[in-house]
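Convert by adding 418 to the 1-based position in the sequence shown; the result is the number in my numbering.
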Amino acid sequence: MRRLTLRRAGIQDTALGQEKDEENRYVGNVNLLPKDLRSDLLENLPLDFLDDTKDSTLIIDSVVSELERISQAVDQATYDQVPSGVWRETVERIHQQGMQLFDIHRDM
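Encoded structure:
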């Protein structure tokens, strides 16, 4: 999600590199990060991220907060270049698209 946010903001990922779509995001500079930070970076979204019975605002707030924390820990300079609203816009868009896919599969 960090990568999508940086793309949305038009900022090059100088810490982890790999701007091309065909590159594997799980190899390269990401492996140079401390183990805990690398695990945080590659962690799944919360299970209730697409739960339509819960208040999505609280879940989105939680994901945005965690995304910002991890991104700041990866590279402070890159984090500082991203306008604060872009983090939320990215998470909201992923949530919206995920819910649309969820609805399609539920209606099958």
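Positions of the beta carbon are idealized from the N, C-alpha and C atoms, including for glycine.
For this session: Select from R506, G516 and D479 the residue whose C-alpha is nearest the C-alpha of R426.
Result: Nearest of R506, G516 and D479 to R426, Cα basis: R506.
Problem set entry | Assigned secondary structure, G516 (DSSP; H/G/I helix, E/B strand, else coil) | The three-state secondary structure of G516, taken from DSSP, is helix.
Problem set entry | Inter-residue spacing [alpha-carbon to alpha-carbon] between P409 and D473 | A question about residue 409 goes unanswered here, because the residues of the chain that appear run from 419 up to 526.
Problem set entry | Three-state secondary structure (DSSP) of I429 | It is coil, neither helix nor strand.
Problem set entry | Terminal residues of the alpha helix (DSSP H) in which E461 lies | E461: not part of any alpha helix (DSSP H); DSSP gives it neither H nor E.
For this session: For S489, count neighbouring C-beta atoms within 10 Å of its own C-beta (all shown protein chains included) and say buried if the count is 16 or more, exposed if not.
Result: Of the residues assessed, S489 falls on the buried side of the cut-off, its CB having 16 or more other CB atoms within 10 angstroms.
Problem set entry | Residue interval of the alpha helix (DSSP H) (run including V482) | In this chain, the alpha helix (DSSP H) harbouring V482 covers S474 to V492.
For this session: Find out if the Cβ-Cβ distance for the pair V481, P464 is shorter than 8 Å.
Result: The Cβ atoms of V481 and P464 lie closer than 8 Å to each other.
For this session: Report the residue from I522, Y497 and D466 whose alpha carbon sits nearest the alpha carbon of T423.
Result: Considering only alpha carbons, the answer is Y497.
Exercise. Mind checking whether L455 and A491 have CB atoms under 8 Å apart?
Worked result: With contacts defined by Cβ atoms closer than 8 Å, L455 and A491 form a contacting pair.
Problem set entry | Contact under 8 Å by Cβ, M517 with D470 | Yes; because the gap between Cβ atoms is below 8 Å, this pair is in contact.
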